[in-house]
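> Handing you this structure, nothing more for now.
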Amino acid sequence: MTKPATASEPGTTPASARQYLHELPSGSRAVVQQIDGEDEALRRLMAMGLCVGREIEVVRQGNPLILRLLDARIGVSGRLARRVAVERAP
Amino acid sequence: MSPPAACCPPLKTVARGACRLVLAGNPNSGKTTLFNALTGLRAQTANYPGTTVERRVGRFKLADMEIEVVDLPGCYDLKAMSEEERIAADVITGACPNTGRPDAAILVVDVMNLSRSLFLVSQVIEMKLPVVVALNMMDLALADGLRVDTAKLARELGCPVVPIIARTGRGVPELRAALQRLKDLPTPAKPARTCSACGECPFKARYAWTDSVAARCLEHGAVQTNPWTEKLDRVLTHPVIGIIAFLSVMLGVFFLIFRIAHIPMDLIDSLFSGLGAWIEQRMPAGDLRSLLVNGVVGGMGGMLVFLPQICILFFCLSLLEDTGYLARAAFVMDRVMRRVGLPGKAFVPLLSAHACAIPGIMSTRVIEDKRDRLVTILVLPLVSCSARIPVYSMLAALLFAHDAWKAALVFTGAYTLGLVAAIVAAFALKHSILKGETRPLVLELPSYKMPSLRTAFLVMLDRAGVFVRKAGTVILLISIALWALATYPRSTPPAEALALQQRATSLAGDEARDMQSQAERLIHHSALANSTAGRLGHWIEPVLRPLGFDWQIGIGIVSSFAAREAVVSTLAVVYGVGEDAVQKNPQSLYDSLRRAQRSDGSKVFTAATCASLLVFYVLAMQCLATQVITRRETNSLKWSVFQFAYMTVLAYTASWIVFQGLRALGIS
Numbered sequence: 001m002t003k004p005a006t007a008s009e010p011g012t013t014p015a016s017a018r019q020y021l022h023e024l025p026s027g028s029r030a031v032v033q034q035i036d037g038e039d040e041a042l043r044r045l046m047a048m049g050l051c052v053g054r055e056i057e058v059v060r061q062g063n064p065l066i067l068r069l070l071d072a073r074i075g076v077s078g079r080l081a082r083r084v085a086v087e088r089a090p
Numbered sequence: 001m002s003p004p005a006a007c008c009p010p011l012k013t014v015a016r017g018a019c020r021l022v023l024a025g026n027p028n029s030g031k032t033t034l035f036n037a038l039t040g041l042r043a044q045t046a047n048y049p050g051t052t053v054e055r056r057v058g059r060f061k062l063a064d065m066e067i068e069v070v071d072l073p074g075c076y077d078l079k080a081m082s083e084e085e086r087i088a089a090d091v092i093t094g095a096c097p098n099t100g101r102p103d104a105a106i107l108v109v110d111v112m113n114l115s116r117s118l119f120l121v122s123q124v125i126e127m128k129l130p131v132v133v134a135l136n137m138m139d140l141a142l143a144d145g146l147r148v149d150t151a152k153l154a155r156e157l158g159c160p161v162v163p164i165i166a167r168t169g170r171g172v173p174e175l176r177a178a179l180q181r182l183k184d185l186p187t188p189a190k191p192a193r194t195c196s197a198c199g200e201c202p203f204k205a206r207y208a209w210t211d212s213v214a215a216r217c218l219e220h221g222a223v224q225t226n227p228w229t230e231k232l233d234r235v236l237t238h239p240v241i242g243i244i245a246f247l248s249v250m251l252g253v254f255f256l257i258f259r260i261a262h263i264p265m266d267l268i269d270s271l272f273s274g275l276g277a278w279i280e281q282r283m284p285a286g287d288l289r290s291l292l293v294n295g296v297v298g299g300m301g302g303m304l305v306f307l308p309q310i311c312i313l314f315f316c317l318s319l320l321e322d323t324g325y326l327a328r329a330a331f332v333m334d335r336v337m338r339r340v341g342l343p344g345k346a347f348v349p350l351l352s353a354h355a356c357a358i359p360g361i362m363s364t365r366v367i368e369d370k371r372d373r374l375v376t377i378l379v380l381p382l383v384s385c386s387a388r389i390p391v392y393s394m395l396a397a398l399l400f401a402h403d404a405w406k407a408a409l410v411f412t413g414a415y416t417l418g419l420v421a422a423i424v425a426a427f428a429l430k431h432s433i434l435k436g437e438t439r440p441l442v443l444e445l446p447s448y449k450m451p452s453l454r455t456a457f458l459v460m461l462d463r464a465g466v467f468v469r470k471a472g473t474v475i476l477l478i479s480i481a482l483w484a485l486a487t488y489p490r491s492t493p494p495a496e497a498l499a500l501q502q503r504a505t506s507l508a509g510d511e512a513r514d515m516q517s518q519a520e521r522l523i524h525h526s527a528l529a530n531s532t533a534g535r536l537g538h539w540i541e542p543v544l545r546p547l548g549f550d551w552q553i554g555i556g557i558v559s560s561f562a563a564r565e566a567v568v569s570t571l572a573v574v575y576g577v578g579e580d581a582v583q584k585n586p587q588s589l590y591d592s593l594r595r596a597q598r599s600d601g602s603k604v605f606t607a608a609t610c611a612s613l614l615v616f617y618v619l620a621m622q623c624l625a626t627q628v629i630t631r632r633e634t635n636s637l638k639w640s641v642f643q644f645a646y647m648t649v650l651a652y653t654a655s656w657i658v659f660q661g662l663r664a665l666g667i668s
């Protein structure tokens with residue numbers, strides 16, 4: 001398996017309580033905690049602005065899901081979503 | 001961050017005094033619209049050498065200077081691994097063969113997505129290239145109450161920033177003025193970084209900078225993202241309704257293709273047959289006339305007849321893409337297509353191929369992953385295109401002459417077989433020689449907007465031009481070669497025909513005319529039977545016999561390599577009905593085919609033979625025009641040959657099973 005390329009920020013959610021992007025309900029907001037791996041598709045997502053600390057919104061959950069990222073709507077395959085650890089924003 | 005290594009020294013090929021610009025930007029930033037606004041019809045499309053990535057180059061005049069603009073592939077990140085992004089980076093650094101280092105760059109920035117766009121801007125600025133930023137979508141910003149401090153942005157970036165609305169052309173004169181002043185400007189300084197030591201993620205550092213610049217230069221009003229987009233998306237990206245909506249849209253496009261395309265197609269057809277008839281009247285009979293009429297004029301007509309479908313399809317696709325809808329279609333279809341191992345974007349080509357495989361293959365360029373794209377191209381010709389319709393009609397009539405329902409079932413069965421075969425072949429290829437996971441979907445769903453007719457028109461002209469330039473000449477040459485096969489060696493007309501002609505001269509009226517045309521049919525038949533094509537038919541008969549075909553059907557198969565529909569008129573000639581019968585009285589063709597006998601007196605077109613022939617025509621690769629396009633779009637003869645080989649083997653095996661199976665069941 002690929003190793004985490006980005007270390008999680010100190011002082012955030014413990015790993016056990018961590019949620020992944022594909023688990024969030026539609027309409028929820030969250031802050032990116034960690035991105036596992038770095039392949040071409042994930043890199044593209046990162047180039048579109050998905051990096052640790054960024055707030056995102058799940059517009060429509062599903063596979064693929066729709067993400068609001070930096071004022072853009074982006075369709076993302078569930079396979080990638082399960083590699084993005086997030087903390088839900090209130 | 002070091003610039004990517006140059007693969008070779010830059011070459012200067014541009015004319016002296018000309019200035020070279022590159023146009024870069026994110027996908028959906030309106031880059032191509034701006035390119036069209038700057039250059040209009042003076043654009044050319046070719047591939048980057050050794051790749052299948054398209055290179056669009058246009059020209060325009062600025063004061064008295066000739067400017068050459070290269071429209072780079074849309075990208076988010078110059079350091080990414082995809083072919084498009086690598087090429088974009090190479091062109092900017094001058095590492096790409098045949099281009100040389102550009103003099104300046106225009107960066108198209110979507111103001112609605114400023115922070116993300118600045119990511120690419122900062123990368124280009126770091127390459128030490130003079131830059132002008134074209135701040136696009138200012139109309140949408142205004143509608144959303146978003147204010148931009150362009151002067152401040154220009155100071156932050158260290159380069160001119162020009163607000164534009166590419167779709168309407170607003171701001172383009174100011175952009176040209178800024179380009180003119182560019183010569184005197186220094187290369188912008190490397191943008192200051194607010195964060196240089198925050199760890200391993202190169203994206204984070206750059207994004208920290210872009211976020212802060214965007215925050216300083218933007219003033220949000222009551223943020224109101226396009227309400228239409230949200231509402232439409234609720235329906236169009238729905239997992240079930242979205243798919244139904246997509247199928248309805250494609251149905252509409254097909255309806256247009258079938259409904260409208262046949263008008264210019266008939267026109268092209270009659271124009272070229274008129275031209276042929278005109279030449280026949282003016283020239284004495286002979287090889288040259290036959291070459292001109294049947295080879296050159298017929299070949300040109302046979303090539304240009306594809307153009308209406310190509311034009312309509314790309315016009316519609318461009319409109320759909322411009323509205324933002326095509327991204328939604330790829331999104332909803334991704335769920336379905338992934339099961340086969342293809343991305344959602346493969347569905348548009350797969351559906352388009354039902355009209356014609358050529359525009360279908362040309363439209364696979366939207367598929368990013370090379371392997372996914374190759375698989376789609378390889379399986380597309382299995383889908384039943386409109387050229388197969390005449391063949392299906394003929395066989396349906398032979399199988400079930402007086403039962404419209406059963407004939408309709410033949411059609412449905414043939415179409416289903418084609419689509420299922422394409423899906424199974426895609427699955428098999430993805431699990432064998434082109435193994436690999438489908439690239440997971442990452443796709444921006446841009447805001448919906450009004451499409452530009454001008455862009456659609458330019459896209460259509462561009463695609464038509466590519467087809468005529470790249471495929472046209474080869475198709476023409478092949479038509480001439482096939483003409484030669486069906487014409488040489490010449491044989492003496494049969495004595496029976498000569499006797500008929502002799503007798504006709506002494507008679508008058510209808511009887512004489514009948515005799516003349518009977519004689520002509522005999523002459524045509526014997527000329528074709530004795531030609532190289534006829535000999536090939538005889539020669540391949542042992543191979544075709546297990547499928548239930550005789551040598552005459554063999555001639556039909558050989559001659560339909562140029563185009564499938566040719567088999568109907570060829571069979572009309574070999575079975576002595578005369579070519580005219582195909583149009584004037586197809587029933588007479590079907591009747592004589594039904595009566596046709598083998599040398600042992602048994603019928604040729606039995607139910608088993610018809611079914612076997614039908615399956616053969618559904619699955620076989622019998623379209624040289626498609627092969628030429630596959631060669632161009634895969635940039636390799638190898639895949640074109642592979643496509644031909646696997647489809648022929650598939651068709652042969654399936655036909656063999658059908659014929660032998662039906663015979664074993666006692667149906668013959």
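Those protein sequence lines, which keep their order, are chains A and B.
Using my numbering, read the first sequence as starting at 1 and increasing by one per residue.
Using my numbering, read the second sequence as starting at 1 and increasing by one per residue.
Where is the CB? At the ideal position from N, CA and C, for every residue including glycine.
At what residues does the beta strand (DSSP E) containing Asn63(A) begin and finish?
In the first sequence, counting from the first residue as 1, residue 63(A) sits at position 63. No beta strand (DSSP E) holds Asn63(A); DSSP gives it neither H nor E.
> Can you list the residues of chain A that Ser82(B) reaches, using a CB-CB cut of under 7 Å?
In the second sequence, residue 82(B) corresponds to position 82, counting from 1. Under the 7 Å cutoff, chain A gives Glu40.
> Would Phe411(B) pass as an interface residue toward chain A - the criterion being a Cβ-Cβ separation below 8 Å?
Locating residue 411(B) in the second sequence gives position 411, counting from the first residue. Phe411(B) does not count as touching chain A.
> At 7 Å on the CB atoms, spell out the chain A contacts of Pro239(B), in chain order.
Sequence index remark: in the second sequence, residue 239(B) carries index 239 (1-based). Simply Gly62.
> Using a 10 Å radius around the Cβ and a threshold of 16 neighbouring Cβ atoms, would you call Thr630(B) buried or exposed?
Locating residue 630(B) in the second sequence gives position 630, where the first residue counts as 1. It counts as buried.
> Can you tell me where the beta strand (DSSP E) holding Asn28(B) begins and where it ends?
Here the question's residue 28(B) lines up with position 28 in the second sequence. It is not in any beta strand (DSSP E) - Asn28(B) carries neither H nor E in the DSSP assignment.
> For Thr412(B), count the other beta carbons within 10 Å of its own beta carbon; 16 or more makes it buried, fewer makes it exposed. Which is it?
The residue given as residue 412(B) occupies position 412 in the second sequence. Result: exposed.
> By the 10 Å Cβ neighbour count, where 16 or more other Cβ atoms means buried, how is Phe203(B) classified, buried or exposed?
Within the second sequence, the letter at position 203 stands for residue 203(B). So Phe203(B) counts as buried.
> Nearest CA to the CA of Gly301(B): which residue from Thr606(B), Ala566(B), Phe659(B) and Asn28(B)?
Position 301 of the second sequence, counted from the first residue, corresponds to residue 301(B). The option with the nearest alpha carbon to Gly301(B) is Ala566(B).
> State yes or no: is the beta carbon of Ala47(A) nearer than 8 Å to at least one beta carbon in chain B?
Counting from 1 along the first sequence, the entry for residue 47(A) is found at position 47. So, interface residue.
> Confirm, please, whether the CB-CB distance from Arg88(A) to Gln19(A) is below 8 Å.
Your numbering for residue 19(A) matches position 19 in the first sequence. Your numbering for residue 88(A) matches position 88 in the first sequence. Going by C-beta atoms, Gln19(A) is nearer than 8 Å to Arg88(A).
> His220(B) by DSSP, collapsed to three states: which one?
The residue given as residue 220(B) occupies position 220 in the second sequence. Correct three-state label for His220(B): strand.
> Using 8 Å as the limit for Cβ to Cβ distance, is Ser77(A) near chain B?
Locating residue 77(A) in the first sequence gives position 77, counting from the first residue. Taking Cβ atoms only, chain B reaches closer than 8 Å to Ser77(A), which makes this a yes.
> Taking C-beta pairs closer than 8 Å, name the residues in chain A that Tyr448(B) reaches, listed in chain order.
Reading the second sequence from its first residue, position 448 is the one you call residue 448(B). Under the 8 Å cutoff, chain A gives no residues; its nearest Cβ is about 11 Å from Tyr448(B).
> Under 8 Å, with one C-beta from each stretch per pair, do the stretch 613-622 of chain B and the stretch 392-410 of chain B reach the 3-pair mark?
Verdict: yes, contact present.
> Just to make sure I have the definition right: I need the residues of chain A whose C-beta is within less than 9 Å of the C-beta of Asp77(B). Which are they?
The residue labelled residue 77(B) in the question sits at position 77 within the second sequence. Simply Arg43, Arg44, Met46, Ala47 and Met48.
> Which of the three DSSP states, helix, strand or coil, is assigned to Asn635(B)?
In the second sequence, counting from the first residue as 1, residue 635(B) sits at position 635. Asn635(B) falls in the coil class under three-state DSSP.
> Could you list which residues in chain B have their beta carbon closer than 8 Å to that of Ile74(A), in chain order?
On the first sequence, position 74 is the one that residue 74(A) refers to. Correct list: Val442, Leu443, Glu444 and Leu445.
> Would you be able to state if there are at least three C-beta pairs under 8 Å between the stretch 357-369 of chain B and the stretch 394-408 of chain B?
Output reads no: the stretch 357-369 of chain B does not touch the stretch 394-408 of chain B.
> Using a C-beta to C-beta distance shorter than 7 Å, which residues of chain A count as neighbours of Phe203(B)?
Counting from one through the second sequence, the residue named residue 203(B) turns up at place 203. By Cβ distance, chain A contributes Met46, Ala47 and Cys51.
> Under 8 Å by Cβ, that's how I've got Glu68(B) and Val57(B) pegged, so tell me the actual separation to the nearest angstrom.
The sequence position of residue 68(B) within the second sequence is 68, counting from 1. The sequence position of residue 57(B) within the second sequence is 57, counting from 1. Indeed, because the Cβ distance is near 6 Å, the residues count as touching under 8 Å.
> Could you tell me which residues DSSP pairs with Asp71(B) in its beta bridges?
As a first step, residue 71(B) must be located in the second sequence, where it is residue number 71. In the DSSP output, where bridge partners are listed per residue, Asp71(B) has Leu23(B) and Arg56(B).
> Which of the three DSSP states, helix, strand or coil, is assigned to Leu342(B)?
Residue numbering aside, residue 342(B) sits at position 342 when the second sequence is read from its first letter. Leu342(B) falls in the coil class under three-state DSSP.
> Near Ala192(B), which residues of its chain fall below 7 Å by C-beta distance, leaving aside the five closest residues on each side in sequence?
Reading the second sequence from its first residue, position 192 is the one you call residue 192(B). Legend: pLDDT at Ala192(B) = 49, less than 50; position of this residue unreliable, no value from coordinates given.
> Verify the CB distance criterion: does Ile56(A) have a CB-CB separation below 8 Å to chain B?
Taking the first sequence and counting its residues from 1, one reaches residue 56(A) at position 56. Chain B contact via Cβ: absent.
> Only counting runs of 3 or more residues, tell me where the beta strand (DSSP E) segments fall wholly within the stretch 484-514 of chain B, in order along the chain.
Complete beta strand (DSSP E) runs here, min 3: none at all.
> Comparing the C-beta of Arg216(B) with each C-beta of chain A, is any distance below 8 Å?
Taking the first residue of the second sequence as position 1, residue 216(B) is located at position 216. Not one chain A Cβ lies under 8 Å of Arg216(B).
> Please say whether Ser655(B) and Leu547(B) have beta carbons closer to each other than 8 Å?
As a position in the second sequence, residue 547(B) is number 547, starting the count at 1. As a position in the second sequence, residue 655(B) is number 655, starting the count at 1. Yes, the pair counts as a contact, with Cβ atoms nearer than the cut-off.
> Measuring alpha carbon to alpha carbon, tell me which of Ala533(B), Met450(B), Asp510(B) and Glu496(B) ends up nearest Arg490(B).
To locate residue 490(B), count along the second sequence from 1; it is residue 490. Ranking the options by Cα distance to Arg490(B), first place goes to Ala533(B).
> Along chain B, which residues have their Cβ under 7 Å away from the Cβ of Leu70(A)?
Numbered from 1 along the first sequence, position 70 holds the residue referred to as residue 70(A). Within 7 Å Cβ-Cβ: Asn113, Ser115 and Arg116.
> Just confirm the distance between the C-beta atoms of Ala329(B) and Val348(B), as a whole number of angstroms; I'd bet it's less than 8 Å.
Locating residue 329(B) in the second sequence gives position 329, where the first residue counts as 1. Locating residue 348(B) in the second sequence gives position 348, where the first residue counts as 1. Sure, about 7 Å apart at Cβ, within 8 Å.
> Label Trp228(B) either buried or exposed according to how many other C-beta atoms from any shown protein chain fall within 10 Å of its C-beta, with 16 as the threshold for buried.
As a position in the second sequence, residue 228(B) is number 228, starting the count at 1. Exposed, because fewer than 16 other Cβ atoms sit within 10 Å of the Cβ of Trp228(B).
> Is the CB-CB distance between Ala89(B) and Leu107(B) below 8 Å?
Numbered from its first residue, the second sequence carries residue 89(B) at position 89. Numbered from its first residue, the second sequence carries residue 107(B) at position 107. Cβ distance not < 8 Å, so Ala89(B) and Leu107(B) don't count as in contact.
> Go through its chain and collect everything with a Cβ distance to Gln501(B)'s Cβ below 6 Å, but skip five positions before and after it.
What you label residue 501(B) is simply residue 501 of the second sequence in a count that begins at 1. Ala519, listed in sequence order.
> So is Ser668(B) in contact with chain A if we call contact Cβ pairs under 8 Å?
The residue labelled residue 668(B) in the question sits at position 668 within the second sequence. By this cut-off, Ser668(B) is not an interface position.
> Can you tell me where the beta strand (DSSP E) with Leu146(B) in it begins and where it stops?
Numbered from its first residue, the second sequence carries residue 146(B) at position 146. Per DSSP, Leu146(B) belongs to the beta strand (DSSP E) from Leu146 to Val148.
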